[in-house]
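Structure, as structure tokens:
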Amino acid sequence: MSSVKTRYEQYTKELRQIADYNAAVALLHWDSEVNAPRKGASFRSQQIATLAAAAHQLATSDQLGQLLEDLYAVRTQLSEQEARNVAISLDDYHKATKLPTEFVRQFAKARAEAYQAWVAAREANDFQLFVPALSALIDLQRQKTRLMGFKDHPYNALLDEYEQGATVSQLDPLFAQVRSELSQFARQLQQEGKSTDDAFLRKAFDKDAQWNYGIELLKNMGYDFEAGRQDRSVHPFTVTFSPLDVRVTTRIDEHNPMSMIGTCIHEGGHALYEQGLPQEQYGLPLGAAVSLGIHESQSRVWENNVGLSKAYWQHHFPAFKAAFPVQFDGCDVDTFYRAINQVAPNFIRVEADELHYHLHILVRYELEKALIEGSLEVADLEKAWNAKYKELLNVDVPDALRGVLQDVHWCEGLMGYFPTYSLGSFYAAQFFRKACETHPTLPQEIAAGDSSKFLQWTRQHLHQYGRAYSPQELCQRATGEPLNVQYFLDYVRAKYSEIYSLS
Ligand code: ZN
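The working numbering numbers the first residue of the sequence shown as 1 and each following residue consecutively.
Here's what the structure looks like:
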């Protein structure tokens, strides 16, 4: 029998091999989005599938399972960090091996068919064309919840995949507050608020000048260009090959510079998290991001709590104005700040502002739960969708394209994923508030162009731990309490009451 130390080294080696394969897959994906010629797509898919299958085989091999069981049995002889890595890896292994190969095959097939049906339904702007394929996929999702196992509610099994430990009984009270307080406040803003003209933000802004400005913003927030780079892509994203190579992409709309700025800062926030993960834990659980919700908190805290604050633009607006003097002629920082924070209900989630966004998520959360528990049939989904948009956002959805067919998530088999977007904003508000409490001069420093204290706070309280703690534990340790949506609600109420001159 080899020593515990040798077996831990073997474990590390095997997990890093899996990470290397996954990094190669990620690099091929990045290349497909950023560089690759159109004709290469079909062979590229094959190459990605081959490497991904090899990684999956390693991650689910009997040999790895045995090694993990052995190490877990002697975990008291490991350091605390090593024991934590092993425990999480064993849990990952059990989850990865729960779904029979035949189920995985069926699911992949149903997903591909649902995607085709979704595209066809969008072309025809007719939800009914999507119903059979989506129904088949939902049936498989229900089957998956039974295979994975769950307590209390089948939806918990799906949530757990993206936000470990998140449950319906945790989310229901959060979203109940969003439902009552946020939708009421949104309505009040519409009815009583004083809006600001933001038409100047839709003038033409030279694309190259926008690009250069975005690079400066990334540098200012602490993104390390020696451990990353920025490119353009249709759908912006962040991709990690290691903490020393974390890349971001952005998109540039000539008539909407705030789209580029929001994207740069958002993806930059994701990237700061990945660049802040401990290098010595590469490939191991303690070297990986803990959950989608926490990841999204890192992008949104920079995009919204920092990047849409008055303090931030007190420093940045003069340089922005200098880069676009004609477009901002006669505009001061106060007018600019109000203009970039105009909010209004709409139909499309990805175009929603930081306030209405969560009402879009609430609609999806309630519908997903109902579909999975079987209280809603797919055939009635469009009707239910439109009714909720009327009730929560007070808008009449004009058609399926701008309604129930707008997101790609469901046909990609991603259910239980949407709530992590809202969790991101809720965590973000709580983290930012705590950081300001710890460093009361933070807003003044940000107004002077220095956000390094905030980056330091996130590095110290969040990034360095990887997956050492669950999202809930991490929040508790960083802020002294569990996730509390009240911080987010207080933040939007204070901010928008002032911007919209509510008494
Ligand atoms: Zn994001």
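Even glycine gets a Cβ: it sits at the ideal position worked out from N, Cα and C.
Residues Ile265 of the same chain have their beta carbon placed closer than 6 Å to that of Gly307, with the five preceding and five following residues left out of the count.
With a cut-off of 8 Å on Cβ pairs, the segment 276-292 is not in contact with the segment 316-325, counting fewer than three such pairs. Glu412 and Ser233 have their alpha carbons spaced roughly 20 Å apart. Here the C-alpha atom of Gln275 lies approximately 36 Å from the C-alpha atom of Ala110.
For Thr335, no beta strand (DSSP E) encloses it; the enclosing alpha helix (DSSP H) starts and ends at 333-340. Inter-segment contact for the segment 428-442 and the segment 480-498 is present: three or more beta-carbon pairs are separated by less than 8 Å.
Distances from the alpha-carbon of Gly269 to those of Gln279, Glu296, Gln281, Ser259 put Glu296 closest. By the criterion of a C-beta distance shorter than 7 Å, Trp30 is surrounded in its chain by Val239, Arg247, once the five residues flanking it on both sides are discounted.
Annotation for Asp70: Arg7 place their beta carbon closer than 7 Å to its own, counting only its chain and skipping 5 residues before and after. Residue state for Arg122 is assigned as helix, using DSSP reduced to three classes. Around the CB of Gln210, 16 or more other CB atoms lie within 10 Å, so the residue is classed as buried. For Asn305, the number of other beta carbons within 10 angstroms of its own is at least 16, and it is reported as buried. For the set Ala157, Ala352, Arg142, the Cα lying nearest the Cα of Val168 is the one of Ala157. Counting only residues of its own chain and dropping the five nearest sequence neighbours on each side, Gln141 has a CB closer than 6 Å to the CB of Met415. Rounded to whole angstroms, Ser242 and Asn22 show a C-alpha spacing of 10 Å. Beta-bridge analysis with DSSP links Arg232 to Thr250. If you draw a straight line from the Cα of Ser497 to the Cα of Gln10, it is about 58 Å long. Only residues of its own chain outside the window of five on either side were considered, and among them Thr250, Met260, Ile261, Cys264 have a CB closer than 7 Å to the CB of Gly214, listed in chain order. Taking non-hydrogen atoms of the ligand ZN into account, the C-beta of His266 is found less than 7 Å away from one of them.
In this structure, the ligand ZN has no non-hydrogen atom nearer than 7 Å to the beta-carbon of Ser291.
With fewer than 16 other beta carbons inside 10 angstroms of its own, Gln46 counts as exposed.
Within the DSSP bridge table, the entry for Val239 names Arg247 as partners. Asp396 has its alpha-carbon roughly 46 Å from the corresponding atom of Gly287. Contact between Ala186 and Leu355 is confirmed by a C-beta separation of about 6 Å, below the 8 Å threshold. Runs of alpha helix (DSSP H) with 4 or more residues, each lying fully within the segment 168-226, are found at 168-177, 183-192, 207-221, listed in chain order. Less than 8 Å separates the beta-carbon of Glu254 from that of Ala204. Closest option to Ser425, judged by alpha-carbon separation, among Phe175, Gln66, Ala448: Phe175. With a cut-off of 7 Å, the C-beta of Glu296 is classified as near the ligand ZN, since at least one heavy atom of the ligand falls inside that distance. Pairing Thr60 with Thr101, the inter-Cα distance amounts to about 11 Å. Distance from the CA of Gln143 to the CA of Ala73, rounded to the nearest whole angstrom, comes to 32 Å.
Asn346 carries a coil assignment under DSSP once its states are collapsed to helix, strand and coil. The three-state secondary structure of His255, taken from DSSP, is coil. The C-beta distance from Leu244 to Ala227 rounds to 5 Å, short enough to meet the 8 Å contact threshold. Taking a C-beta distance under 8 Å as the contact criterion, Ala83 and Tyr282 do not qualify as a contact pair. For Val492, the enclosing alpha helix (DSSP H) starts and ends at 486-499.
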